[in-house]
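What follows is a single structure, written as structure tokens, with notes after it.
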Amino acid sequence: MANRGNLTWLWVMIAAAVLTQTALNLLRPVTSYKLLALGAGEATVGLATAAYAILPLVFAMSLGRLSSRLPTLRGMIALGALVLGLGGVGLAFGSTVAVLMVSSAVLGMGHLLFTIAGQTVIGRRAAPENMDAAFGWFTAAFSVGQMSGPLISGLILGNATLSEATHSAEFDGRIDGALWLGAICSLLAVPVMYLMRADGGRRSRRLPAEPTEEPGDPTHGLGDEHSGPAGPALGTETSVGAGDAGTAGPGKPTMLAIWRVPGIPSHMMASLALLAMLDILTAFMPLVGEAAGVSPFWVGILLAVRGGASFLSRIVLPWMSGRWERHHLVLVSLLASAVALGFVPPALEGWHAVWLAVVLMAVGGFALGIGQPLTMSLVTQAVPPTWRGPALAFRLVGNRVGQVAMPVVAGLAAAPLGPAGGIWCACLILAASGTERLVSGRKR
Numbered sequence: 001m002a003n004r005g006n007l008t009w010l011w012v013m014i015a016a017a018v019l020t021q022t023a024l025n026l027l028r029p030v031t032s033y034k035l036l037a038l039g040a041g042e043a044t045v046g047l048a049t050a051a052y053a054i055l056p057l058v059f060a061m062s063l064g065r066l067s068s069r070l071p072t073l074r075g076m077i078a079l080g081a082l083v084l085g086l087g088g089v090g091l092a093f094g095s096t097v098a099v100l101m102v103s104s105a106v107l108g109m110g111h112l113l114f115t116i117a118g119q120t121v122i123g124r125r126a127a128p129e130n131m132d133a134a135f136g137w138f139t140a141a142f143s144v145g146q147m148s149g150p151l152i153s154g155l156i157l158g159n160a161t162l163s164e165a166t167h168s169a170e171f172d173g174r175i176d177g178a179l180w181l182g183a184i185c186s187l188l189a190v191p192v193m194y195l196m197r198a199d200g201g202r203r204s205r206r207l208p209a210e211p212t213e214e215p216g217d218p219t220h221g222l223g224d225e226h227s228g229p230a231g232p233a234l235g236t237e238t239s240v241g242a243g244d245a246g247t248a249g250p251g252k253p254t255m256l257a258i259w260r261v262p263g264i265p266s267h268m269m270a271s272l273a274l275l276a277m278l279d280i281l282t283a284f285m286p287l288v289g290e291a292a293g294v295s296p297f298w299v300g301i302l303l304a305v306r307g308g309a310s311f312l313s314r315i316v317l318p319w320m321s322g323r324w325e326r327h328h329l330v331l332v333s334l335l336a337s338a339v340a341l342g343f344v345p346p347a348l349e350g351w352h353a354v355w356l357a358v359v360l361m362a363v364g365g366f367a368l369g370i371g372q373p374l375t376m377s378l379v380t381q382a383v384p385p386t387w388r389g390p391a392l393a394f395r396l397v398g399n400r401v402g403q404v405a406m407p408v409v410a411g412l413a414a415a416p417l418g419p420a421g422g423i424w425c426a427c428l429i430l431a432a433s434g435t436e437r438l439v440s441g442r443k444r
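Letter 76 of the sequence shown, counting from 1, is numbered 76 in UniProt numbering, and no numbers are missing.
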């Protein structure tokens, strides 16, 4: 990235990321509508959402190691886009709940491949002084997809609820059409990737980028260990982790050893809760909207507002982290998002105030966007420098466990309480994580 002639690879990566993330964020909410059309309930939607993260949970660590060994990653990135597109094809073709669950799992695997390989390419190719900018542009592309995907799905499905279009072949056709569009959008990223020349090798002997972020919301580079503006003092627990690294032998970074580092369990719980909330919003907002008589068009707007607000919070995050400590920002992120998003279902179902739901989604989305990159920074700086890669990978595994378990729990909660119960369950986990940080912070 020393001159403009070296930027082609980055723009290719950005284009591919916009295509795949638009596809992903189009496919996932429409999948919930297709499940509803097949007669599935809240528990089934929760299981389908959990299926999305099952393969990433199993293969995340091994794919991270593979990405660090491959001489070129262009093929792995293209394969991720292809697998994601094939998952979309399966969703479009699927006529049973079982097929949709398998296709959701394929979708999650494709996204994992793309994200891991994409982050590793940036870790290899970007010059150290431009690392933040490269990751920033890459994550901005993900945010574009988080905004555009739901908007496109809402425009395609229209302003009629599923109940108003019961037994309507036209509405079923719109659902399948949206799924096909998502699949095609991802498949277009495959030839785009071959506009990028094969990797020219690592620029330095720095550690290769680890698979450090969640597929639904990658934020590496915005408030991570590379960011200068987002680096205020972290307090006692971070100082212990970083200070001991240079004198005491840190030993082998096993999962148990990482877990025992002061602050790591708290940071991982916060990261898990924030990420799980994103998945549950994507899957359960169509159900809440249907119960409240809100059309897919407005559900798409609500999800897009969430994505846009999270993107805005990432832009101002360096300024905020320069004024307040990370611990305090993460605490506000957890509690504010829990309160704001917890009132979205009543705003739609009880008060029939879509405008209020839009405001609440904006506040909740802004708060969610603050927490994820900061938990990455906290995990990174709580451990010795030689443990950072394994610690971030361990954080990824924790996130995947949450992505599998939380939707199942939310689906079970929604069965007796209605669709809103799924979102309230996620809000409860956010509030519990915030309370834990508040209590443990006072003890420290």
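Even for Gly, the Cβ is constructed at its ideal location relative to N, Cα and C.
From a predicted model like this one, the values you see are computed outputs, not experimental measurements.
**Prompt:** Would you say the region 270-286 touches the region 406-425, given that touching needs at least three Cβ pairs under 8 Å?
**Reply:** Below 8 Å, enough C-beta pairs join the region 270-286 and the region 406-425 to call them touching: three or more.
**Alpha-carbon to alpha-carbon, Leu151 and Ser310** = In the sequence shown, residue 310 corresponds to position 310, counting from 1. In the sequence shown, residue 151 corresponds to position 151, counting from 1. Roughly 16 Å separates the two Cα atoms.
**Asked** Residues in its own chain within less than 6 Å of Ala40 by CB, not counting five upstream and five downstream?
**Response** For this step, residue 40 is matched to residue 40 along the sequence shown. Cβ within range, chain order: Val97.
**Asked** Is it buried or exposed for Leu368, if we count other Cβ within 10 angstroms and need 16 for buried?
**Response** Here residue 368 is taken as the residue at index 368 of the sequence shown, counted from 1. Leu368 should be labelled buried.
**Asked** Buried or exposed: where does Pro128 fall if 16 or more other Cβ atoms within 10 Å of its Cβ makes it buried?
**Response** As a working mapping, residue 128 is identified with position 128 in the sequence shown. Result: exposed.
**Request:** Determine the burial state of Ser148: buried for a count of at least 16 other Cβ atoms within 10 Å of its Cβ, exposed for fewer.
**Result:** Here residue 148 corresponds to residue number 148 of the sequence shown, with the count starting at 1. Label assigned to Ser148: buried.
**Request:** Verify whether the separation of the beta carbon atoms of Ile116 and Leu63 is less than 7 Å.
**Result:** Position 116 of the sequence shown, counted from the first residue, corresponds to residue 116. Position 63 of the sequence shown, counted from the first residue, corresponds to residue 63. A contact, by the Cβ cut-off of 7 Å.
**Message:** Once the 5 residues before and after Ala23 are set aside, which same chain residues still bring their CB inside 6 Å of it?
**Reply:** In the sequence shown, the residue the question calls residue 23 occupies position 23. Taken in chain order, the residues that qualify are Gly182, Cys185, Ser186.
**Request:** Return the first residue and the last residue of the alpha helix (DSSP H) that Ala336 is part of.
**Result:** Taking the first residue of the sequence shown as 1, we reach residue 336 at position 336. First-last of the alpha helix (DSSP H) with Ala336: 326-342.
**Message:** I'd like the ranges of any alpha helix (DSSP H) spanning at least 4 consecutive residues and lying wholly in the region 331-415.
**Reply:** As summarised for the region 331-415, the continuous alpha helix (DSSP H) elements at least 4 residues long and confined to that stretch are 354-382, given in chain order.
**Prompt:** Contact between the region 100-112 and the region 131-145: three or more CB pairs below 8 Å?
**Reply:** Contact between the region 100-112 and the region 131-145 is absent: fewer than 3 CB-CB pairs across the two stretches fall below 8 Å.
**Prompt:** Helix, strand or coil: how does DSSP classify Tyr33 here?
**Reply:** Here residue 33 corresponds to residue number 33 of the sequence shown, with the count starting at 1. Note: Tyr33 maps to helix in three-state DSSP.
**Message:** Taking the straight line between their C-alpha atoms, what separation do you get for Ala17 and Ala382?
**Reply:** Within the sequence shown, numbered from 1, the residue matching residue 17 stands at position 17. Within the sequence shown, numbered from 1, the residue matching residue 382 stands at position 382. Approximately 30 Å between the Cα atoms of the pair.
**Request:** Over the uninterrupted alpha helix (DSSP H) stretch that includes Glu164, give me the two end residues.
**Result:** Numbered from its first residue, the sequence shown carries residue 164 at position 164. Looking at the DSSP string, Glu164 is not in any alpha helix (DSSP H), and its letter there is neither H nor E.
**Asked** Is the region 45-56 touching the region 399-407 in the sense that three or more CB pairs, one from each, lie closer than 8 Å?
**Response** Contact holds between the region 399-407 and the region 45-56, because three or more Cβ pairs, one in each stretch, are under 8 Å apart.
**Message:** With three or more C-beta pairs closer than 8 Å as the rule, is the region 253-264 touching the region 420-436?
**Reply:** No contact exists between the region 420-436 and the region 253-264.
**Prompt:** Which value, in whole angstroms, describes the spacing of the CA atoms of Thr8 and Ala15?
**Reply:** On the sequence shown, residue 8 is found 8 positions in, with the first residue counted as 1. On the sequence shown, residue 15 is found 15 positions in, with the first residue counted as 1. Between Thr8 and Ala15, the C-alpha separation is close to 11 Å.
**Asked** What distance in whole Å lies between the Cβ atoms of Gly154 and Phe297, which are believed to be in contact at a cut-off of 8 Å?
**Response** As a working mapping, residue 297 is identified with position 297 in the sequence shown. As a working mapping, residue 154 is identified with position 154 in the sequence shown. About 4 Å; that satisfies the 8 Å criterion.
**Request:** Note the first and the last residue of the continuous alpha helix (DSSP H) segment covering Tyr52.
**Result:** For the purposes of this step, residue 52 is taken as residue 52 along the sequence shown, with counting starting at 1. Start and end: 42-69.
**Item:** Helix, strand or coil at Ala16 according to DSSP, with G and I counted as helix
**Value:** As a first step, residue 16 must be located in the sequence shown, where it is residue number 16. In the structure shown, Ala16 adopts helical secondary structure according to DSSP, grouped into three states.
**Message:** My output table needs one value for Met109: the three-state DSSP class, helix, strand or coil.
**Reply:** Taking the first residue of the sequence shown as 1, we reach residue 109 at position 109. Helix, per DSSP.
**Asked** Sorted by chain position, which residues of the same chain lie with C-beta nearer than 7 Å to Asn159's C-beta, five sequence neighbours on each side aside?
**Response** Counted from its first residue, the sequence shown places residue 159 at position 159. Closer than 7 Å at Cβ, skipping near neighbours: Ser295, Phe297.
**Asked** How should Gly75 be labelled, buried or exposed, when 16 other C-beta atoms within 10 angstroms of its C-beta is the threshold for buried?
**Response** Here residue 75 is taken as the residue at index 75 of the sequence shown, counted from 1. Label assigned to Gly75: exposed.
**Request:** Take every Cβ of the region 424-438, pair it with every Cβ of the region 313-326, and state whether three or more of those distances are shorter than 8 Å.
**Result:** With the cut-off at 8 Å, the region 424-438 and the region 313-326 do not touch.
**Among Glu325, Val330, Pro265, Pro346, the one whose alpha carbon lies nearest that of Gly289** = Working through the sequence shown from its first residue, we reach residue 289 at position 289. The option with the nearest alpha carbon to Gly289 is Pro346.
**Request:** Could you pull out every residue in the same chain whose Cβ sits closer than 6 Å to the Cβ of Lys34, ignoring the five residues on either side in sequence?
**Result:** Counted from its first residue, the sequence shown places residue 34 at position 34. Here the set comprises Ile175.
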